[in-house]
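**Q** So for the sequence shown, numbering that gives the first Met the number 0 puts the first residue at 0; every next one is plus one.
All residues carry an ideal CB built from backbone N, CA and C; glycine is no exception.
For clarity, every value in this text was computed on a predicted model and none was experimentally measured.
Structure in structure tokens, see below.
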Amino acid sequence: MAPKHLTMDLDLKKEEIWEIFHLAKELKEKQKRGIPHELLKGKSLAMIFQKPSTRTRVSFEVAMTQLGGHALNLSSQELQLARGETIADTAKVLSRYVDCIMARVFDHQDIVELAKNSTVPVINGLSDKFHPCQALTDLFTIWEKFGTLENLTLVFVGDGDNNVTNSLLLLCARLGVNFRVACPEKYKTRKEILDLAKEDIEKNKVKIEILEDPKEAVKGADVIYTDTWVSMGRTDVKERLEAFKNYQVNKELLSFAKECVKVMHCLPAHRNQEITDEVMDGPNSIIFDQAENRLHVQKAILVKLLT
Ligand code: CP
Ligand code: NVA
């Protein structure tokens, strides 16, 4: 039987996502109460990193430990990939040793190629196009905080054309959460992503809006979300800093939203660039709860894909 991969958000059906959320909640409670849950005893996860990571690397490794398994941290620079061994051969060989492969890559095609050649599940730990583990964690966190995902509006302020925005858009459409992006015209969400979400948008009657004015966009928002203005691998730094200068999530922007609006960021943050210290450390921020949930949600993803 072909393994089940998580290369991008749409690899999971709505029911599967809810199974992951309920399992994540259960595993989080067990972890907090010290109840063992070694559901992946003896299993190994290979983690390939082409780019830096703090949360993804540590949360996946700890996830495997808590589930009774083991994780191997493999920088692509230390693998024979660095000397030209193909992704396909790497996938075929690693599949003979481990039970799952998680990879963080520059080009999304590398994830597709890994999945095509692997006989064990492949998880996308971030590519230039998608960051599904992040978006799953984010929607889980919103569900945890609001007790529901119904009648909510998530507003993303900043780069409308990056991996986190793309994954959030696809997942919001799939789960029935209204999604608004406030971004400069030059960095707006691609039609290709909106096309991928089209069926879910119609089926779930979700409102997706792409706006330019951040103040207009945050009106009525339940959640304001931001991310770096310069994602890993982007080189047009100067142009971006100029283009996004009016898109900072600060106290003034929050004054246009509901008083109880929650603020999220996938991290790492460039403090006082896309978000001010005041907001990041302020009462509306749920950013560090969100970061913690990477662990609980990824444990559920691993259990779901490996058992
Ligand atoms: N949010 C996130 O993926 O963080 P890292 O880059 O630290 O893994
Ligand atoms: N969009 C960011 C996310 C980092 C977790 C990046 O790709 O750098």
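Can a CB atom of chain B be found closer than 8 Å to the CB of Leu93?
**A** The structure shown contains no chain B; it is built from a single protein chain.
**Q** Could you give the uninterrupted runs of the alpha helix (DSSP H) lying entirely in the region 221-280, keeping only those of 4 residues or more?
**A** Listed in chain order, the complete alpha helix (DSSP H) runs (minimum 4 residues) inside the region 221-280 are 236-242, 250-253 and 276-279.
**Q** Which full runs of the beta strand (DSSP E) of 3+ residues lie inside the region 75-160, going along the chain?
**A** Fully enclosed beta strand (DSSP E) runs of 3 or longer: 99-103, 121-123 and 152-156.
**Q** State the beta-bridge partners of Arg179 as determined by DSSP.
**A** In DSSP, Arg179 forms a bridge with Val154 and Glu208.
**Q** Is any heavy atom in ligand 1 found nearer than 7 Å to the beta carbon of Gln133?
**A** Yes; taking the cut-off as 7 Å, the Cβ of Gln133 has a heavy atom of ligand 1 nearer than that.
**Q** Measuring straight from C-alpha to C-alpha, what distance separates Met231 and Lys50?
**A** Cα to Cα, the separation comes out at about 8 Å.
**Q** DSSP puts Ala45 in a beta bridge; with which residues?
**A** In DSSP, Ala45 forms a bridge with Leu71 and Ile100.
**Q** What I want to know is whether the C-beta of Cys182 ends up closer than 7 Å to one or more non-hydrogen atoms of ligand 2.
**A** No, Cβ of Cys182 sits at least 7 Å from all heavy atoms of ligand 2.
**Q** Tell me which same chain residues have a C-beta within less than 6 Å of the C-beta of Phe48, skipping the five on either side of it?
**A** Taken in chain order, the residues that qualify are Ser74 and Arg103.
**Q** From which residue to which residue does the alpha helix (DSSP H) around Ser52 run?
**A** From DSSP, Ser52 is part of no alpha helix (DSSP H); its letter is neither H nor E.
**Q** Given the structure, does Arg54 come close to ligand 1, in the sense that its CB is under 7 Å from one of the ligand's heavy atoms?
**A** Checking the Cβ of Arg54 against ligand 1 gives yes.
**Q** Just verifying my parser: in three-state terms, what is the DSSP assignment at Leu168?
**A** Leu168 falls in the helix class under three-state DSSP.
**Q** In terms of alpha-carbon separation, which member of Glu258, Phe243 and Glu14 lies closest to Ile274?
**A** For the residues Glu258, Phe243 and Glu14, the minimum Cα distance to Ile274 belongs to Phe243.
**Q** Tell me Leu5's beta-bridge partners as DSSP assigns them.
**A** According to DSSP, which records beta bridges pairwise, Leu5 is partnered with Ile122.
**Q** Can you tell me where the alpha helix (DSSP H) with Leu12 in it begins and where it stops?
**A** Just to set this straight, residue 12 is Lys in the shown sequence, not Leu. Where Lys12 is concerned, there is no enclosing alpha helix (DSSP H), given that its DSSP letter is neither H nor E.
**Q** Output the distance between the C-alpha atoms of Arg293 and Cys265, rounded to the nearest integer angstrom.
**A** Roughly 10 Å between the two C-alpha positions.
**Q** Tell me whether Cys171, by its Cβ, gets closer than 7 Å to a heavy atom of ligand 1.
**A** Every heavy atom of ligand 1 is 7 Å or more from the Cβ of Cys171, so no.
**Q** Pull up the distance between the alpha-carbon of His130 and that of Asp8, whole angstroms please.
**A** So the two alpha carbons sit approximately 8 Å from each other.
**Q** Mind the definition here: the region 271-288 touches the region 254-263 only if three or more C-beta pairs lie below 8 Å; say whether that holds.
**A** Output reads yes: the region 254-263 touches the region 271-288.
**Q** With a cut-off of 8 Å on the beta carbons, I'd call Leu301 and Cys99 a contact; round off their distance for me.
**A** Indeed, because the Cβ distance is near 7 Å, the residues count as touching under 8 Å.
**Q** Got a sec, what are the start and stop residues for the alpha helix (DSSP H) Ala304 sits in?
**A** It is worth fixing the name first, because residue 304 is Leu in this sequence and not Ala. Ile286 to Leu305 is the extent of the alpha helix (DSSP H) around Leu304.
**Q** Since I believe Thr227 is in contact with Leu38 (beta carbons under 8 Å), could you give me their beta-carbon distance rounded to a whole number of angstroms?
**A** No, Leu38 and Thr227 are not in contact; Cβ-Cβ is about 34 Å, not under 8 Å.
**Q** For Met0, count neighbouring Cβ atoms within 10 angstroms of its own Cβ and tell me buried if that reaches 16, exposed if not.
**A** Flag for Met0 reads exposed.
**Q** At what residues does the alpha helix (DSSP H) containing Ile200 begin and finish?
**A** Per DSSP, Ile200 belongs to the alpha helix (DSSP H) from Lys190 to Lys202.
**Q** Taking Cβ positions, are Leu151 and Asp212 nearer each other than 8 Å?
**A** Result no, Cβ atoms of Leu151 and Asp212 do not sit closer than 8 Å.
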